[in-house]
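For reference, the structure discussed in these notes is given below.
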Amino acid sequence: MPRTKQFNEAEVLHKAMELFWEKGFHATSMQDLVNHLGINRASIYDTYGGKNELFDKAFQNYRTISLASLKSIFDSESDVKKGFRKLFQMVIDDVKTQGCQKGCFVVNTITELVPGDTVLLEKLKQNAANTEGLFEQYIQRGIDDGHIDASKNPKAIAFTLFTLFSGLRVTSKVEQNSKKLNEMVEVGLSILD
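Under the numbering used here, residues 36 to 228 are what the sequence shown spells out, in order.
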């Protein structure tokens with residue numbers, strides 16, 4: 036008779052996401068996973084398939100959480116510029132509370148794994164397209180509501196603000212001066228004026 040799982044898969048996946056986010060894929064060993072997750076190797080292999088598959092699922096978990104957070108911010112703020120400011124402020128606040136160690140899971144993954152992993156590169160491209168798509172929908176809503184000039188190109192603005200968002204995540208790893216980061220955000224948001 037097969038044994039029943041003695042752990043919560045969603046909780047373990049969240050813990051794996053945190054560990055990969057903190058250490059990166061290559062620096063995380065199977066033993067690190069066993070220790071951090073509190074389950075044995077056999078359970079990891081049986082449930083997730085192995086380190087690569089667990090990383091993929093952890094990364095997807097991160098994306099699901101991140102996209103839900105973006106949607107929540109955009110749904111709660113009708114003024115597009117205020118919504119983007121709130122989003123960028125969240126990044127700056129993360130720097131204050133976490134320092135530069137953690138960074139963004141996506142950015143960390145890009146810098147660590149993309150040069151040699153074409154499958155992951157495609158997932159990251161899809162992630163970027165999904166995020167830019169959300170940005171574009173929100174900007175279009177601002178145009179439709181009259182908060183943004185109708186002559187503006189929502190696709191180009193979305194790409195620009197996505198680049199600012201990604202760049203802010205990278206820059207915040209080396210620059211923790213909130214005043215400078217906020218000034219950068221204000222310059223970027225001027226594209227919506």
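C-beta: ideal position from N, C-alpha, C; glycine also.
Inside the stretch 126-186, DSSP marks whole alpha helix (DSSP H) runs of 4 or more residues at positions 140-148, 153-180, from first to last along the chain. Here the stretch 38-58 lies against the stretch 139-158, with 3 or more beta-carbon pairs under 8 Å apart. An exposed status is given to N188, since fewer than 16 other beta-carbon atoms sit within 10 Å of its beta-carbon. Secondary structure at E53: helix, using DSSP grouped into helix, strand and coil. Buried is the label assigned to S207, since at least 16 other Cβ atoms lie within 10 Å of its Cβ. C-alpha of N212 to C-alpha of K160: approximately 30 Å in a straight line. Of all C-beta pairs linking the stretch 114-122 to the stretch 63-79, fewer than three are shorter than 8 Å, placing the two stretches out of contact. Shown here, G85 sits in coil according to DSSP, grouped into three states, outside any helix or strand. A distance below 8 Å separates the beta carbons of L169 and L105.
The continuous alpha helix (DSSP H) containing N70 extends over residues 65-72. Taking H49 as the centre and dropping the five residues before and after it, the same chain places the C-beta of N96 closer than 7 Å to its C-beta, in chain order. Assigned with DSSP and collapsed to three states, F200 falls in helix. Straight-line spacing of the CA atoms in E221 and L89 works out to 38 Å.
The three-state reading of DSSP puts G118 in helix, counting H, G and I together.
Residue burial annotation: E171 is buried, with at least 16 other C-beta atoms found within 10 angstroms of its C-beta. Burial is judged here by how many other beta carbons sit within 10 angstroms of a residue's own beta carbon; T198 has fewer than 16 and is exposed.
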